[in-house]
Amino acid sequence: MVILNPLKRIIRNAAFKLCFVLIIFLNIICLFGCNSFKSNKVVNIIHEKKPTFVSLKNKKTYNIPTNIFIDARLNEEELLVRKEESKKLYIYNLKNMSTRDFLKAYNPNNFIHTVVCNSKWVVWIEDESLIMNTENKPFKWQMIAYNIKTGEKLILDKSKFTTNKFNVPMFINYTPDQLTISNNDVVVYCKTSFENQKLISEIDSFDLKSKKQSNIAKTGAVIDELIADCSIYGDSIVWSKYRVYNETLEKRLTQYIYSDLFIYNLKTNKTKQLTKDGFYTNPSLYKNNLVAIDVIDRNPAQNSCWSNVIIMDIKTTKIKTIVNEKTPIIKSGLLEVYRSIPKINSRYISWSNNGLDDRFVYDYTNNSFLEVYNNNDNNPANSSNIYNMFDNLVLIYDQKEGTSSTNLCVDITE
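See below:
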């Protein structure tokens, strides 16, 4: 059964011991006033025009120590990283391969978890737990912002929970599940709250310029619906709202039956529903383009999910499928693949195959699949897995049978 995004934090710090833990546990990552809605037209982009395939040569490749976890790209040469203890943030310099101390947890008793940044601010969530215990989940969290230039620190939000003893499904967390920041210094995040004697979920924003917090949307009881994914670009905020708790698993192998996409404009304060009665999750936004994971209806023979990568024009809501079971880059025999963490920038789209061999990104400006890395090895026991992309820096875990594993960063900038 596919698990919702909130469970990703179960493995957050265990991943530091070996970076491949992140890849393995990504197999359990996934699913969790408006305008009138029109049905989306879905087009398979592969059928519109045959894509080209390019193997990138002579790209700058960096070997990253396996004892650090990459959270974000701070600038062209530096990454924000954590180590196993998760009490500090470090800066890793790609050019000279050095690591230096940067920031400590605001509360020395807390552990740092989700981290995002832009050129001016670093924002993170910290709480009382190093590794989440699903029987005693952390709930004493706070969100901290650090101004890179001035050194100013702000508490943007903090937990109002006094207990973690609620009668809700195991995949519901009491700490924020998603955190993102725009170049305009607006932080957006999804969290659970206690309201009217029930646990609900909501998506909030915090403007670091005006120091103003705002609520964007709320749900009813989390057993019925949940907001757990979000992305921001410019004045646009997108999120997934999961709904209808899935007890029979007949339609999909997901915790909820449906996941709808919504978009909110910070200038007009208007919300628009982008999809209805499908299952679109993990949205990532760049200008007018949105990428997401599309979990298709269950085949009776399936034991796990098959999911596609899609791109949507948010103005027309037209959807194109980029990766599905017929895409030529898919290895034969891969009939059940759950993809996650789609990312989009001005040219490229990346995604994770959750531990299965995956070394391509998609150039949506030229309808081309780019092989980012090739270890020139036909051993089926070996694999190269893309697990994230920061700007044009692609993160890859290279696993070879009988040898030590490698964590790589490939710069695909042209």
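Sequential numbering from 1140 applies to the sequence shown in our numbering. All residues carry an ideal CB built from backbone N, CA and C; glycine is no exception.
Asked: Those residues which DSSP pairs with residue 1105 across a bridge; Found: The requested residue 1105 does not occur in the structure, where the chain is confined to residues 1140 to 1553.
Asked: Proximal residues to residue 1356 (C-beta, below 8 angstroms), its chain only, five neighbours per side dropped; Found: 1341, 1342, 1366, 1378, 1380, 1401, 1403 and 1410
Asked: Where the beta strand (DSSP E) through residue 1212 begins and ends; Found: 1208–1212
Asked: Which listed residue (1221, 1280 and 1248) has its alpha carbon closest to that of residue 1254; Found: 1221
Asked: At least 3 beta-carbon pairs within less than 8 angstroms: the stretch 1447–1456 vs the stretch 1417–1434; Found: yes
Asked: Residue 1467 - DSSP class collapsed to helix/strand/coil; Found: coil
Asked: CB-CB length for residue 1421 against residue 1467, believed under 8 angstroms; Found: The pair is not a contact, with the Cβ atoms about 23 angstroms apart (cut-off 8 angstroms).
Asked: Inter-residue Cα distance where the pair is residue 1497 and residue 1349; Found: 42 angstroms
Asked: Alpha carbon of residue 1502 to alpha carbon of residue 1433, nearest angstrom; Found: 19 angstroms
Asked: Integer Cβ distance of residue 1483 from residue 1425, believed to fall under 8 angstroms; Found: 4 angstroms
Asked: Through-space distance from residue 1250 to residue 1267, alpha-carbon basis; Found: 6 angstroms
Asked: 8 angstroms Cβ cutoff met for residue 1191 and residue 1506; Found: yes
Asked: Beta-carbon contacts of residue 1364 that lie in its chain and below 7 angstroms, excluding the five residues immediately before and after; Found: 1358, 1380, 1381 and 1382
Asked: Contact set for residue 1361: own chain, Cβ-Cβ below 7 angstroms, skip 5 residues either direction; Found: 1307, 1311, 1331, 1338, 1339 and 1340
Asked: Neighbourhood of residue 1374 by C-beta distance below 8 angstroms, restricted to the same chain and skipping five residues each side; Found: 1323, 1404, 1405 and 1406
Asked: Within 8 angstroms, strictly: CB atoms of residue 1511 and residue 1535; Found: yes
Asked: Segment contact, 8 angstroms Cβ cut-off, at least three pairs: the stretch 1543–1553 with the stretch 1200–1211; Found: yes
Asked: Neighbourhood of residue 1278 by C-beta distance below 6 angstroms, restricted to the same chain and skipping five residues each side; Found: 1298, 1300, 1303 and 1313
Asked: Rounded straight-line distance, which links the Cα of residue 1495 to that of residue 1238; Found: 30 angstroms
Asked: Exposed unless 16 or more other CB atoms sit within 10 angstroms - verdict on residue 1099; Found: Residue 1099 lies beyond the stretch modelled for the chain, which goes from 1140 to 1553, so this question has no answer here.
Asked: Residues that residue 1306 bridges to, as DSSP identifies them; Found: DSSP, once it has assigned bridges, lists no residue as partnering residue 1306.
Asked: Under the three-state DSSP convention, the category residue 1494 falls into; Found: coil
Asked: Which residues DSSP lists as bridging residue 1091, in chain order; Found: Residue numbering for the chain in the displayed model covers 1140 to 1553; residue 1091 lies beyond these limits and cannot be assessed.
Asked: Counted within 10 angstroms of its Cβ, other Cβ atoms place residue 1276 as buried (16 or more) or exposed; Found: buried
Asked: Same chain only: Cβ atoms within 6 angstroms of residue 1440, ignoring 5 sequence neighbours per side; Found: none
Asked: Where residue 1336 falls, given that 16 or more other Cβ within 10 Å makes a residue buried; Found: exposed
Asked: Spatial distance of residue 1539 from residue 1368 (CA atoms); Found: 33 angstroms
Asked: Straight-line gap, residue 1582 to residue 1469 (C-alpha atoms, nearest Å); Found: Any question about residue 1582 goes unanswered here, given that the chain covers just 1140 to 1553.
Asked: Inter-residue Cα distance where the pair is residue 1542 and residue 1521; Found: 10 angstroms
Asked: In DSSP terms, what residue 1282 is bridged to; Found: 1264 and 1296
Asked: Backbone CA spacing between residue 1489 and residue 1387 [nearest angstrom]; Found: 32 angstroms
Asked: Residues that DSSP places opposite residue 1547 in a beta bridge; Found: 1202 and 1535
Asked: Contact under 8 angstroms by Cβ, residue 1260 with residue 1230; Found: no
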